[in-house]
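Heads up: the sequence shown begins at 6 in our numbering, then just goes up one per residue.
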Amino acid sequence: MINRRLFLSLAGTGLAAPALLHAQSLGAGFPDRPLRLIVPWPPGGSTDTIARIYQARLGEVLGRQIVIDNRGGASGATGAIEASRAPADGSTWTFVYDTQSTNETVMRLPFRTMEAFVPVCHVASGPLAMVAHQSTPYRTFQDVVEAARRAPDTLNYATSGVGGLAHVSTTLLQQQGNFRIVHVPYRGGGPAVQDAVAGHVPLFMTNVVIVSQHIRSGVLRPLGVTTATESRHVPGAPTFASQGFAGFEAPTWWAMLGRAGTPAPLVRQMNEALVTVLREPAVKNRIEEQGCDIVASTPEECGRFLQAEITKWGRVITENNIRADS
């Protein structure tokens, strides 16, 4: 059915008929029921936050209700396993985080990402940031390095889970900088940020989406970002590359995937609908205000990016023997 809200919003502009015909064409071929969007993380994390910003508008453009299904656990693997078993009829899609490129090396999974899924869209990218609670003495990342060298394996840092980019990239920092800190993995970004803000863990490596408000308030102090250049989302925070870690770069990202075997026209239609929504100022601005930048790629670009991430970080994981119980 054509979405009534979309019709009413456009009726007065004279654009209702062509716009609705386009929405109808984008929705053609999808199952005639609400579409399921699996988010493999608990509510409150960055993946859930971004998905809920575009959810309703995407449903309007497709003429189908989009229902978010949070399936948190195992650093995104629980939801990904569920998505890998979904029917390939366009009824189920999944919105993944950077762990989608690391989990298959860190864990024993019943699928390989590039075989079980079809890339739809590289939605957004942004910096990871190492933040310290305001009560700690750490004013720079060099303070952390020096403290860790004085007392190895005594300083804790949190991430949203084992084997995610935050964990793997921090491992690479330790390897390059010859220091050791202790990883404290959480079951998602939501629970981790609660403990970080409360000061229960002194350091937190995370995407900026879930901590931007706490950085602005001063509760969390940014010590460095993983992008190649300084990020507008964390003003004044130096890159790790500029702090003695030459060539270091590890931006975080979010992407939509479909089940392998989903008809190609539906993949194209989902991509076109999602890209349309992501480029609308109302949606784009809300997402980027969280602390990331819209990418809105083609399926082919998304596939090349995802394969490159799997290869790059798989090498780091193997070299450092990072496993799901590490």
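Glycine included, C-beta positions come from ideal geometry on N, C-alpha and C.
In this text, all values refer to a predicted model and were calculated from it rather than measured experimentally.
Quiz item: First and last residue of the beta strand (DSSP E) that includes residue 212?
Solution: 208 to 212
Quiz item: Got a sec, what are the start and stop residues for the beta strand (DSSP E) residue 108 sits in?
Solution: Counting along the chain, residue 108 falls outside any beta strand (DSSP E), though it belongs to the alpha helix (DSSP H) covering 108 to 111.
Practice problem: Assign residue 304 to one of three DSSP states: helix, strand, or coil. | Solution: helix
Quiz item: Between residue 255 and residue 234, is the Cβ-Cβ spacing less than 8 Å?
Solution: no
Exercise. Check residue 114 in the structure and name its three-state DSSP category.
Key: coil
Quiz prompt | Any C-beta of chain B under 8 Å from that of residue 126 | solution = No chain B is part of this structure, which consists of one protein chain only.
Practice problem: Taking all protein chains shown into account, decide if residue 51 is buried (16 or more other Cβ within 10 angstroms of its Cβ) or exposed. | Solution: buried
Quiz item: What is the residue span of the beta strand (DSSP E) that residue 188 lies within?
Solution: 187 to 190
Exercise. May I ask you to report which of helix, strand or coil DSSP gives residue 310?
Key: helix
Quiz item: Can you tell me whether residue 38 is buried or exposed, with buried defined as 16 or more other CB within 10 angstroms of its CB?
Solution: exposed
Quiz item: If you draw a straight line from the C-alpha of residue 201 to the C-alpha of residue 267, how long is it?
Solution: 40 Å
Quiz item: Along the chain, which unbroken stretches of the beta strand (DSSP E) at least 3 residues long are found entirely within the stretch 143 to 206?
Solution: 161 to 164 and 187 to 190
Exercise. Classify residue 290 as buried or exposed, calling it buried when 16 or more other Cβ atoms lie within 10 Å of its own Cβ.
Key: exposed
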